[in-house]
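Inspection log for the structure reproduced underneath, given as C-alpha cells.
There are 2 protein chains.
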Amino acid sequence: MATFDVIVIGGGPGGYVCAIRAAQLGLTAAVVERDKLGGVCVNVGCIPSKALLHSAYVANLVNHDAKDFGVEVGGVTLNFGTAMKHSRQVADQNSKGVEFLMKKNKITVIKGEGTLVPGRKVKVGTETHSATKAVVIATGTRVKGIPQIGLEINKTTVISSDEALFLEQAPKTLAIVGAGAVGTEFADIFNAFGAKVTLIEALPRMLPVEDADSSAAIARSFKKRGIDVLVGAKVKSATVGNAGVTLEVESGGKTQIIEVEKVLMAAGRALNTQNLGLEAAGVQLDQRGFVKVGPDLRTTADGVYCIGDVAGPPMLAHKGSREGLVVAETIAGKKPHAIRYDNVPSVTYCHPEVASIGLTEDQCKEKKLDYVVGKFALTANGRARATNETEGFVKIIKDKKYGEILGAHIVASHASEMIHELAVARENEYTVEEVDLAIHAHPTLSEAVAEAALDSLGRMIHA
Amino acid sequence: MATFDVIVIGGGPGGYVCAIRAAQLGLTAAVVERDKLGGVCVNVGCIPSKALLHSAYVANLVNHDAKDFGVEVGGVTLNFGTAMKHSRQVADQNSKGVEFLMKKNKITVIKGEGTLVPGRKVKVGTETHSATKAVVIATGTRVKGIPQIGLEINKTTVISSDEALFLEQAPKTLAIVGAGAVGTEFADIFNAFGAKVTLIEALPRMLPVEDADSSAAIARSFKKRGIDVLVGAKVKSATVGNAGVTLEVESGGKTQIIEVEKVLMAAGRALNTQNLGLEAAGVQLDQRGFVKVGPDLRTTADGVYCIGDVAGPPMLAHKGSREGLVVAETIAGKKPHAIRYDNVPSVTYCHPEVASIGLTEDQCKEKKLDYVVGKFALTANGRARATNETEGFVKIIKDKKYGEILGAHIVASHASEMIHELAVARENEYTVEEVDLAIHAHPTLSEAVAEAALDSLGRMIHA
Numbered sequence: 001m002a003t004f005d006v007i008v009i010g011g012g013p014g015g016y017v018c019a020i021r022a023a024q025l026g027l028t029a030a031v032v033e034r035d036k037l038g039g040v041c042v043n044v045g046c047i048p049s050k051a052l053l054h055s056a057y058v059a060n061l062v063n064h065d066a067k068d069f070g071v072e073v074g075g076v077t078l079n080f081g082t083a084m085k086h087s088r089q090v091a092d093q094n095s096k097g098v099e100f101l102m103k104k105n106k107i108t109v110i111k112g113e114g115t116l117v118p119g120r121k122v123k124v125g126t127e128t129h130s131a132t133k134a135v136v137i138a139t140g141t142r143v144k145g146i147p148q149i150g151l152e153i154n155k156t157t158v159i160s161s162d163e164a165l166f167l168e169q170a171p172k173t174l175a176i177v178g179a180g181a182v183g184t185e186f187a188d189i190f191n192a193f194g195a196k197v198t199l200i201e202a203l204p205r206m207l208p209v210e211d212a213d214s215s216a217a218i219a220r221s222f223k224k225r226g227i228d229v230l231v232g233a234k235v236k237s238a239t240v241g242n243a244g245v246t247l248e249v250e251s252g253g254k255t256q257i258i259e260v261e262k263v264l265m266a267a268g269r270a271l272n273t274q275n276l277g278l279e280a281a282g283v284q285l286d287q288r289g290f291v292k293v294g295p296d297l298r299t300t301a302d303g304v305y306c307i308g309d310v311a312g313p314p315m316l317a318h319k320g321s322r323e324g325l326v327v328a329e330t331i332a333g334k335k336p337h338a339i340r341y342d343n344v345p346s347v348t349y350c351h352p353e354v355a356s357i358g359l360t361e362d363q364c365k366e367k368k369l370d371y372v373v374g375k376f377a378l379t380a381n382g383r384a385r386a387t388n389e390t391e392g393f394v395k396i397i398k399d400k401k402y403g404e405i406l407g408a409h410i411v412a413s414h415a416s417e418m419i420h421e422l423a424v425a426r427e428n429e430y431t432v433e434e435v436d437l438a439i440h441a442h443p444t445l446s447e448a449v450a451e452a453a454l455d456s457l458g459r460m461i462h463a
Numbered sequence: 464m465a466t467f468d469v470i471v472i473g474g475g476p477g478g479y480v481c482a483i484r485a486a487q488l489g490l491t492a493a494v495v496e497r498d499k500l501g502g503v504c505v506n507v508g509c510i511p512s513k514a515l516l517h518s519a520y521v522a523n524l525v526n527h528d529a530k531d532f533g534v535e536v537g538g539v540t541l542n543f544g545t546a547m548k549h550s551r552q553v554a555d556q557n558s559k560g561v562e563f564l565m566k567k568n569k570i571t572v573i574k575g576e577g578t579l580v581p582g583r584k585v586k587v588g589t590e591t592h593s594a595t596k597a598v599v600i601a602t603g604t605r606v607k608g609i610p611q612i613g614l615e616i617n618k619t620t621v622i623s624s625d626e627a628l629f630l631e632q633a634p635k636t637l638a639i640v641g642a643g644a645v646g647t648e649f650a651d652i653f654n655a656f657g658a659k660v661t662l663i664e665a666l667p668r669m670l671p672v673e674d675a676d677s678s679a680a681i682a683r684s685f686k687k688r689g690i691d692v693l694v695g696a697k698v699k700s701a702t703v704g705n706a707g708v709t710l711e712v713e714s715g716g717k718t719q720i721i722e723v724e725k726v727l728m729a730a731g732r733a734l735n736t737q738n739l740g741l742e743a744a745g746v747q748l749d750q751r752g753f754v755k756v757g758p759d760l761r762t763t764a765d766g767v768y769c770i771g772d773v774a775g776p777p778m779l780a781h782k783g784s785r786e787g788l789v790v791a792e793t794i795a796g797k798k799p800h801a802i803r804y805d806n807v808p809s810v811t812y813c814h815p816e817v818a819s820i821g822l823t824e825d826q827c828k829e830k831k832l833d834y835v836v837g838k839f840a841l842t843a844n845g846r847a848r849a850t851n852e853t854e855g856f857v858k859i860i861k862d863k864k865y866g867e868i869l870g871a872h873i874v875a876s877h878a879s880e881m882i883h884e885l886a887v888a889r890e891n892e893y894t895v896e897e898v899d900l901a902i903h904a905h906p907t908l909s910e911a912v913a914e915a916a917l918d919s920l921g922r923m924i925h926a
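Protein sequences, first through last, are from chains A and B.
The opening position of the first sequence corresponds to residue 1 in this note's numbering, with each subsequent residue numbered one higher.
The opening position of the second sequence corresponds to residue 464 in this note's numbering, with each subsequent residue numbered one higher.
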C-alpha cells in the first residue's frame, strides 16, 4: 500500500505520457500495467506494424523498382520471420524506452491488473494504493473477433493483429476482415511478402473514414498489386478448420466462397472497461460503452479522469497522449488549452501513405458547407517523379467565403510527415493563403500542398 | 518581331513560373530560352540529381539494410548508367511538363539567346521583340571551375554537375571540390555506386551554411560510409592528365597527394550576366556581380525586373519561383506580399537529408540574441527506429523571451518534408507553443519536431 498524487491505470501512450507530465509538474505518479509498458501501441500496434510496413516497402522496392534505379539483384528471398524479428526488436526497444522514461521521471511502475476502489484508490493484486489527487483510467482496447458469424479468434487460423505480428512466416492465402487502417496496413504487408490477400470491408469502400478520393486511390493501388478488395461485403458464414478457413462472402449481389489459410480480424476493437470496478466507483459509461467524460476528461466519479481509447474516439495513440498531457496539467492545477478533437491527424501507413485532418468532402456536403476543393496530383510533382512514387495527391477543402481549411487529405509516399504543416496551420486557424505564403522547398512532395492551396484559390501553377 | 506584355529572358524555375503567373493575370507573355525549358533545375540540377540520390538510397538499402528487413538478395550489381538513364527520363519528362504548361497558358516560347535592348526590347537572333509592360531577367547561373589552380572544367577528367549527370558509369575514384549542397549530394551518389570519394571543403566544415550540428551529423554519417571528408582544405595544385588528376591538398597542417580518375567541381556557380546587353540598357550590377534590385525586384532600368540567382542569394529554385510569382503580380498591378528572404527553406538531399530555415545557432550567437535551443535526437523516435533511420535530430532555436522561432535545423531521412510545418509557422510568426499545440500523428518523424519545440520549453516527453 503506497500513496501517490496520481495513479494511472494503463501504461500505453495515454497513460505513460500522463504520468511523465504529472512528474514534470512535481507530482508523484504511479502507472499500473498488467503487461508491457507502452501498451498496444508500442508492443502490438503502431510501432511493430510500421517496422513490418518498411519491410514490405523494401520487398516491393527490390522486387519491382530497384532495377530501374540501376540496382540489379540476383534471386530475392523474402523472409517474413526476419522481418518479424526486426519488428519485435523495435517494439522491445521502444517498450524499454518507456521503462527508462519511467525511471528517469521517478514514476513507480506497478505490475498487475488495476481495479478502481471508491475514494481514489486502486487495488493491484492484494495491495491497495491511494491517490491524493487523481486516478486516471487509460486502459485502452483489445482485439475482437465476430463470434456471431463463427469468426472467434482462435490464434491459429483466425487471428488478430496480436498474432499477425508474431508469425514466423507469411500465410500463402489470407482474408482480412475490415479494411480500416489496421486491415489495410496488414494487406500491404502480407501482399508484399507473397500472400494472396483478400481484403473484406462491410462498408461501401475501403478506409471508410477517409475521404472517398483517398479510398479510391488506395483501392486502385492495391488492385494493381493483386490484392482483392471486396467492399460492401458481408461475411455470411465461416467454417473454421485446423488448416484453414472457408468464408462465404456476399458482395455486389454475388456470393463467393473464399478459402484461406488464415483470417485476420481487423473489424474494430473492444474497450477495456470490464473488471475495473468502474460501476462501484461511480464511473458511468455512455451508450456506446465509452467512459462518460466531460470536456476536461473528468468522469462521473470525483477525482477520476479517463483518457485514450476508453474515453471515446478517435482511437489513436496521439489523441490519447495529448489527453494524458492535458489531464496531468489539469490535475496539477494548470489551465491547458482545450483539445481540438476536430484537428487530430489520421494516418494509414500503407504505400503510398494516407494522411488526413478535418472534414472529408462527403462530410462537407452533409453539413451543407459552401466549400471549394483544391487538388494537385503527384504525377505533376518533380520529387515524386524522381522516386517513381507518383501515385497520390494532395486535396485541400477550404471554406468558400473565409478560406478556412475545412479538411485536408494526402495520399503520398510520405503523407504522414506532409500532413503536419496543415495540422499546424489548421490548429492556428490559418487560411490556405497563409499556407501558400510559406515558400516550399523545391523539389519536395510538400510543394503539392502549396499547389493544392493555390488550386483552391484558382491559381495553381504546375498543372 | 512581336509584342508581348511581358518578356522573360530565361526559362528556368524563376522565369517560367513568372510567365505562367503573368498569363493567369491576363497578360501576354513570352519566354526566351537558349536551351531546354526548365533551366538548370529541371535539366541539370535539382530534378535529375534527386533521381540519382534515390538510386543511391536504393543501392545502400539493398547492400546494407534489406537483409535486416527480411529481404535477402543474391548478387547485387550496381549500374550507374541505368540510374543515369532513369534520371534523364525524369528530367526530360519535367522539361516536357514545362513545355506543356507554356502551351496551356498560351505563353510564347522563343528559342535562342536573349539580349536586352533599351526601351523594354529583347533581341533574339535577328528578331527584336517588344514588351509593353516589362522585361524580366531570369538567366540564372552556370557551373564554373577554378582555373587559378589548374582546375578548369575539361568535361572529361575535371567535370561539373553538368557532366556528372550524364556519366555512363561511376568513376572508381573521385575528388569533389566544394562540400556545399551540390558537392555533398554527389558524394552521396557516387559513394553508393562504389566510387572512393574524397570531399574537399575550404571552409572549416562541410555544409558550411547549415547549422554546425547538421554539418557534424552528416560528416559522421559520411565517414561511416567511407567518404573521406577534408575540411579547412586548400587545393594547392592540380595536375590534369588524360586519365586522371593529381591534387595536392593541404588540410589540418598536412599536405597530401590525392590521385583520382575525376574531379567534380562544386565550388560555386557563375552568374549569367554576360552578353545580355545589361549595361547598354541601364541595368547595373552590384559589387558582387548580382543585378542590383530594389525590394520589388525592379532593376535600375525602367520596366526591367530581375529574379532568381542573378538577383542575389539564396540561389535556390524555390526562391526564384517565388520571385517570379511576385514580379508577375507587381507587373499586373497587384500588391503581392513581400518575400521574407529570412524564411526560405534550404535542403540538401543526401541521406539523411538536411533541411533548415532561419538562423543557425552560430548566427544567433553572432547577433548576440538571447535564445534557447530545443533538440530531439531521432534515436528516441519510434518511426525512425522502425525504419532503422535513427541518424539525425530536430533542433529548434527560439527567442528566449517571446518564443519566436529564430531557426530550425533537421537532419532526418525525410527532413525535406518535415521542415514545412516550421516554414508555415515561422512565416506566420507562430511560436514553439503553437507548433506543439497541433497534435502530431504517431508514429511519425514529425513528432520529433513537436518534441524539440517542447524541449525548448523545458518539457520534452520522450527523452
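A virtual CB, placed ideally from N, CA and C, is assigned to each residue, including glycine.
Predicted model, so just to flag it, every value in this text is computed and none were measured.
Report back the beta-carbon spacing between residue i and residue j to the nearest angstrom; my notes put them in contact at under 8 angstroms.
| i | j | result |
| --- | --- | --- |
| G740(B) | T763(B) | Contact doesn't hold; Cβ gap of about 14 angstroms is too wide. |
| G783(B) | A601(B) | 7 angstroms |
| N557(B) | G382(A) | 5 angstroms |
| A901(B) | H414(A) | Between H414(A) and A901(B) the Cβ distance is about 18 angstroms, and since that is not below 8 angstroms, they are no contact. |
| V585(B) | V598(B) | 6 angstroms |
Give a yes or no on whether 8 angstroms exceeds the smallest Cβ distance from residue i to chain B.
| i | result |
| --- | --- |
| P352(A) | no |
| D68(A) | yes |
| T360(A) | no |
| H462(A) | yes |
| T330(A) | no |
| K319(A) | yes |
| T77(A) | yes |
Give a yes or no on whether the minimum CB-CB distance between residue i and chain A is below 8 angstroms.
| i | result |
| --- | --- |
| N506(B) | no |
| V810(B) | yes |
| Y865(B) | no |
| R551(B) | no |
| Y834(B) | no |
| N617(B) | no |
| L666(B) | no |
| M881(B) | yes |
| P776(B) | no |
Please report whether the beta-carbon of residue i lies at a distance below 8 angstroms from any beta-carbon of chain C.
| i | result |
| --- | --- |
| P634(B) | Of the chains in the structure shown, none is chain C; the protein chains are A and B. |
Thinking C-beta only, is residue j closer than 8 angstroms to residue i?
| i | j | result |
| --- | --- | --- |
| V694(B) | M669(B) | yes |
| V887(B) | V424(A) | yes |
| A638(B) | A665(B) | no |
| V857(B) | V912(B) | yes |
| V754(B) | T736(B) | yes |
| K864(B) | D899(B) | no |
| F467(B) | H549(B) | no |
| S909(B) | M881(B) | yes |
How would you call residue i, buried or exposed, if buried means at least 16 neighbouring beta carbons within 10 angstroms?
| i | result |
| --- | --- |
| D188(A) | buried |
| R889(B) | buried |
| D759(B) | exposed |
| K155(A) | exposed |
Consider the C-beta atom of residue i and the heavy atoms of the ligand HEM; say whether any pair is separated by less than 7 angstroms.
| i | result |
| --- | --- |
| I218(A) | No copy of the ligand HEM appears in this structure; indeed no ligand is present at all. |
Practice problem: Count the CB pairs spanning the segment 540-548 of chain B and the segment 54-70 of chain A that are closer than 8 angstroms, and state whether there are at least three. | Solution: yes
Exercise. Take every Cβ of the segment 55-65 of chain A, pair it with every Cβ of the segment 503-510 of chain B, and state whether three or more of those distances are shorter than 8 angstroms.
Key: no
Quiz item: Counting pairs of Cβ atoms below 8 angstroms between the segment 569-589 of chain B and the segment 465-472 of chain B, do you hit three or more?
Solution: Yes: at least three Cβ pairs fall under 8 angstroms.
Quiz item: How about the segment 346-365 of chain A and the segment 402-411 of chain A: do they share at least three Cβ pairs that are nearer than 8 angstroms?
Solution: yes
Quiz item: Is it a yes or a no for the segment 395-403 of chain A touching the segment 363-383 of chain A, going by three-plus beta-carbon pairs under 8 angstroms?
Solution: yes
Exercise. May I ask you to verify whether the segment 788-796 of chain B touches the segment 473-490 of chain B, counting CB pairs closer than 8 angstroms and requiring at least 3?
Key: yes
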